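Novice: Each residue of the sequence shown is one higher than the one before, counting from 6 in my numbering.
Please find one structure pasted underneath; my questions will follow.
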Amino acid sequence: MRRRDRRSAPPSFERLRRNPDAVRSPVPDIEIGSLRLSEADPDAFDHALDAAERARADRYVRREDRDRFRLGRGLLRRMLAAELGRSPASLRFLADAHGKPILDGPCPLAFNLSHSGDLVLAAIGRVAAIGIDVERRRDDLDLRAVGAEVYTPGEIAAIAAASPGGRAAVFFDLWTFKEALLKGIGTGFVADPRSVEIRIGPDGARAASARRSDPDPCAPWRIERLSVPAGYHAALAVLPHAVAEPSMPDVPG
6 MRRRDRRSAP
16 PSFERLRRNP
26 DAVRSPVPDI
36 EIGSLRLSEA
46 DPDAFDHALD
56 AAERARADRY
66 VRREDRDRFR
76 LGRGLLRRML
86 AAELGRSPAS
96 LRFLADAHGK
106 PILDGPCPLA
116 FNLSHSGDLV
126 LAAIGRVAAI
136 GIDVERRRDD
146 LDLRAVGAEV
156 YTPGEIAAIA
166 AASPGGRAAV
176 FFDLWTFKEA
186 LLKGIGTGFV
196 ADPRSVEIRI
206 GPDGARAASA
216 RRSDPDPCAP
226 WRIERLSVPA
236 GYHAALAVLP
246 HAVAEPSMPD
256 VPG
């Protein structure tokens with residue numbers, strides 16, 4: 006009898022929750038699912054994807070990009086289906102004006118997805134909006150040149166104030182905080198990333214503000230660092246239901 010491949014079936018969401026290596030949510034009522042590209046079998050999720058998703062996956066030239074997309078959509082479908090009491094394959098995704106996936110029909114859940122390198126993360130919750138971002142740290146990145154295109158003067162000063170050995174960590178922390186927030190707002194980096202500023206207090210507390218914007222759409226957002234494997238940085242941004250719906254911050258002049 007042929008031994009069944011342990012990776013031939015996708016893990017249930019309950020099994021993902023019980024995984025001791027799973028990425029944990031620091032925010033109550035927010036679920037985070039995580040998968041490693043090196044440990045999961047993208048083929049096991051294909052039955053849940055629709056024709057448009059499979060076609061999009063096939064357009065990726067590199068296999069790892071194709072597999073990250075399949076794993077991400079498969080993971081997100083399993084998480085949403087478990088929470089909504091539906092089958093993963095029954096869910097139909099549309100895209101909003103900025104390309105962010107949304108469910109066709111009423112949905113009480115906000116959700117978001119991110120992947121980088123070997124790691125795929127998805128977040129869902131009964132909140133007004135949610136954003137998640139994961140980045141693999143790159144040693145070949147010109148922090149000064151890239152930072153000038155992404156960070157405000159205040160953020161650049163925060164990176165410069167870190168010790169030489171700690172600047173890359175601050176750079177990628179700020180990147181994930183900022184991108185998680187902008188993804189939650191709905192624009193991602195389509196908006197000028199310098200339109201929002203992230204401040205990290207002495208106690209590690211994070212606050213965000215929209216530059217040249219009144220009232221400030223960023224103030225109610227909660228931004229949290231996620232504990233992820235070494236070599237990665239990740240963040241979660243959450244907008245509670247008690248405040249107004251997200252809107253795009255003004256771009257500084």
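Built from N, CA and C at the ideal position, the CB exists for glycine as well.
As the structure is a computational prediction, the values presented were derived from the model and not from experiment.
Have a look at Ala53, Ile135 and Leu40 and flag the residue whose alpha-carbon is nearest the alpha-carbon of Pro234.
Specialist: On the sequence shown, position 229 is the one that residue 234 refers to. Answer by Cα proximity: Leu40.
Novice: If you reduce the DSSP assignment to three classes, tell me which class Leu124 lands in.
Specialist: Within the sequence shown, residue 124 is the residue found at index 119, counting from 1. Strand at Leu124.
Novice: With DSSP as the reference, label Val243 as helix, strand or coil.
Specialist: Taking the sequence shown and counting its residues from 1, one reaches residue 243 at position 238. Three-state DSSP puts Val243 in a strand.
Novice: Return the residue from the list Leu42, Ser119, Ala185 and Asp197 that minimises the CA-CA distance to Gly152.
Specialist: Counting from 1 along the sequence shown, the entry for residue 152 is found at position 147. That would be Asp197, whose Cα lies nearest to the Cα of Gly152.
Novice: Please report how far the alpha carbon of Ala49 lies from the alpha carbon of Ala167, in whole angstroms.
Specialist: Against the sequence shown, residue 49 aligns to sequence position 44. Against the sequence shown, residue 167 aligns to sequence position 162. Going by the C-alpha atoms only, they are around 44 Å apart.
Novice: Pull up the distance between the alpha-carbon of Arg319 and that of Ser95, whole angstroms please.
Specialist: Residue 319 cannot be examined here, being either before or after the span of the chain that is shown, 6 to 258.
Novice: Could you check what DSSP says for His238 in three-state terms: helix, strand or coil?
Specialist: The sequence position of residue 238 within the sequence shown is 233, counting from 1. Strand.
Novice: How do the segment 45 to 65 and the segment 103 to 113 stand: do at least 3 beta-carbon pairs fall below 8 Å, yes or no?
Specialist: Output reads no: the segment 103 to 113 does not touch the segment 45 to 65.
Novice: Does the segment 61 to 80 come within contact of the segment 117 to 135, defined as at least 3 CB pairs closer than 8 Å?
Specialist: yes
Novice: Just to confirm before moving on: does the CB-CB distance between Ile135 and Val243 stay below 8 Å?
Specialist: Taking the first residue of the sequence shown as position 1, residue 135 is located at position 130. Taking the first residue of the sequence shown as position 1, residue 243 is located at position 238. Closer than 8 Å, so yes.
Novice: Apart from the five residues on each side of it in sequence, which residues of its chain come closer than 7 Å, Cβ to Cβ, to Gly236?
Specialist: Here residue 236 refers to the residue found at position 231 of the sequence shown. So the list reads Arg141 and Arg142, once near-sequence residues are dropped.
Novice: Which residues in the same chain as Pro245 place their Cβ atom closer than 8 Å to its Cβ, once the five residues preceding and following it in sequence are excluded?
Specialist: Here the question's residue 245 lines up with position 240 in the sequence shown. Only Val132, Ala133, Pro225 and Arg227 meet the Cβ criterion.
Novice: Take Gly264 and list the residues in its own chain whose beta-carbon comes closer than 6 Å to its own, dropping the five residues that flank it on each side.
Specialist: Outside the displayed range of the chain (6 to 258) lies residue 264, so it cannot be described from this structure.
Novice: Among Tyr156, Glu154, Val66 and Ala185, which one has its Cα closest to the Cα of Val139?
Specialist: If you number the sequence shown from 1, residue 139 lands on position 134. Cα-wise, what sits closest to Val139 is Ala185.
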